[in-house]
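*Asks:* This is the structure I have questions about; it appears just below.
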Amino acid sequence: DAGITQSPRHKVTETGTPVTLRCHQTENHRYMYWYRQDPGHGLRLIHYSYGVKDTDKGEVSDGYSVSRSKTEDFLLTLESATSSQTSVYFCATVDRVDQPQHFGDGTRLSIL
Amino acid sequence: AQSVTQPDIHITVSEGASLELRCNYSYGATPYLFWYVQSPGQGLQLLLKYFSGDTLVQGIKGFEAEFKRSQSSFNLRKPSVHWSDAAEYFCAVATNQAGTALIFGKGTTLSVSS
Numbered sequence: 055d056a057g058i059t060q061s062p063r064h065k066v067t068e069t070g071t072p073v074t075l076r077c078h079q080t081e082n083h084r085y086m087y088w089y090r091q092d093p094g095h096g097l098r099l100i101h102y103s104y105g106v107k108d109t110d111k112g113e114v115s116d117g118y119s120v121s122r123s124k125t126e127d128f129l130l131t132l133e134s135a136t137s138s139q140t141s142v143y144f145c146a147t148v149d150r151v152d153q154p155q156h157f158g159d160g161t162r163l164s165i166l
Numbered sequence: 002a003q004s005v006t007q008p009d010i011h012i013t014v015s016e017g018a019s020l021e022l023r024c025n026y027s028y029g030a031t032p033y034l035f036w037y038v039q040s041p042g043q044g045l046q047l048l049l050k051y052f053s054g055d056t057l058v059q060g061i062k063g064f065e066a067e068f069k070r071s072q073s074s075f076n077l078r079k080p081s082v083h084w085s086d087a088a089e090y091f092c093a094v095a096t097n098q099a100g101t102a103l104i105f106g107k108g109t110t111l112s113v114s115s
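Respectively, the protein sequence lines represent chains A and B. The working numbering numbers the first residue of the first sequence as 55 and each following residue consecutively. The working numbering numbers the first residue of the second sequence as 2 and each following residue consecutively.
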């Protein structure tokens, strides 16, 4: 989706290092989400935000933190990356529940 | 708890044949329902959505889906599959919980044989 940019698109790092993924939107949507995609699991919610500085945990939030200081940016941080966090991470946004979410192109993260 | 089940992990269909991908959901009220498609290495593209009204919804690329409340199902169909339809398909539901986050099924991989 042209209105959502994820960076970086690919990253390889080592166990124990901090990692921050960025999601930037130009849609001015209220809600923003981080999902991870793993084979055989579909997409699972990590954290979400319902406004600036308003965030909450999702299904698989352990080991992750998020921040949203501006409407357009939603950061996902792995404080100390582990190999189990190797995954593809997707950001999504939506303004209302009766609208479909828009997805970014994903970040492929490998932790060695 | 809400959940989405896609019973078929992998389906192979001949090109030109019809397709039906199954999706069942668990939710107390009528949810908002979606089908997304993902080609290898790509993001998710919305195929169609159901919010209310007509239970047969049309989407892009010739896909349609039917919402059946009595069966808690939202199956995806296409009358004639093309080789370019080979991809992974995800059914998802949105509720008013977790800030309208989506709950996804585990996906169905579609292969198309010639």
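Backbone N, C-alpha and C fix where the C-beta goes; we use that ideal spot for every residue, glycine too. Everything numeric in this text was worked out from a predicted model, so none of it was measured.
1) Quick one: is residue 32 of chain B buried, meaning 16 or more other Cβ sit within 10 Å of its Cβ, or exposed?
2) What residue from A:87, A:64, A:69 has the CA that sits closest to residue 101 of chain A's CA?
3) Let's test the definition: count the other Cβ atoms within 10 Å of the Cβ of residue 95 of chain B and tell me whether it reaches 16, buried, or not, exposed.
4) What does residue 95 of chain B touch in chain A if you count any residue whose Cβ is under 7 Å from its own?
5) Would residue 33 of chain B count as contacting chain A if we go by Cβ distances under 8 Å?
6) Could one say the Cβ of residue 155 of chain A lies closer than 8 Å to chain B's Cβ atoms, at least one of them?
7) With a 10 Å radius around its C-beta and 16 neighbouring C-beta atoms as the bar for buried, classify residue 108 of chain A as buried or exposed.
8) Do you know offhand how far residue 123 of chain A's Cα is from residue 75 of chain A's?
9) In chain B, what lies closer than 7 Å to residue 95 of chain A by C-beta?
10) Along the chain, where does the beta strand (DSSP E) that runs through residue 163 of chain A open and close?
11) Taking just the CA atoms, how far does residue 69 of chain B sit from residue 55 of chain B?
12) Of all the CB atoms in chain A, is at least one closer than 8 Å to the CB of residue 91 of chain B?
13) From residue 26 of chain B to residue 152 of chain A, what distance separates their C-alpha atoms?
14) Which stretch, first to last residue, makes up the beta strand (DSSP E) that contains residue 142 of chain A?
15) Going by other Cβ atoms of all chains shown within 10 Å of its Cβ, with 16 needed for buried, is residue 166 of chain A buried or exposed?
16) With a threshold of 7 Å on Cβ separation, who are the neighbours of residue 84 of chain A within its own chain once the five nearest residues in sequence on each side are excluded?
17) With respect to the beta strand (DSSP E) encompassing residue 66 of chain B, which residues constitute its N-terminal and C-terminal limits?
18) Is it buried or exposed for residue 64 of chain A, if we count other Cβ within 10 angstroms and need 16 for buried?
*Replies:* Let's see:
1) Residue 32 of chain B counts as buried, since no fewer than 16 other beta carbons sit within 10 angstroms of its beta carbon.
2) The option with the nearest alpha carbon to residue 101 of chain A is A:87.
3) Per the 10 Å Cβ criterion, buried.
4) In chain order, 151 make up the part of chain A whose C-beta sits under 7 Å from the C-beta of residue 95 of chain B.
5) Against chain A, the CB of residue 33 of chain B has a partner CB under 8 Å away; the residue lies at that interface.
6) True, the Cβ-Cβ gap to chain B drops below 8 Å.
7) Classification for residue 108 of chain A: exposed.
8) Our two residues, residue 123 of chain A and residue 75 of chain A, have alpha carbons roughly 14 Å apart in a direct line.
9) Against chain B, a Cβ distance below 7 Å from residue 95 of chain A picks out 107.
10) If you look at residue 163 of chain A, you'll find it in the beta strand (DSSP E) that goes 161-165.
11) Between residue 55 of chain B and residue 69 of chain B, the C-alpha separation is close to 11 Å.
12) Chain A contact via Cβ: present.
13) Going from the Cα of residue 26 of chain B to the Cα of residue 152 of chain A covers about 17 Å.
14) Counting along the chain, the beta strand (DSSP E) containing residue 142 of chain A begins and ends at 141-148.
15) With fewer than 16 Cβ atoms within 10 Å of its Cβ, residue 166 of chain A is classed as exposed.
16) Contacts found: 104, 105, 149.
17) From DSSP, the beta strand (DSSP E) with residue 66 of chain B extends over 65-69.
18) Exposed.
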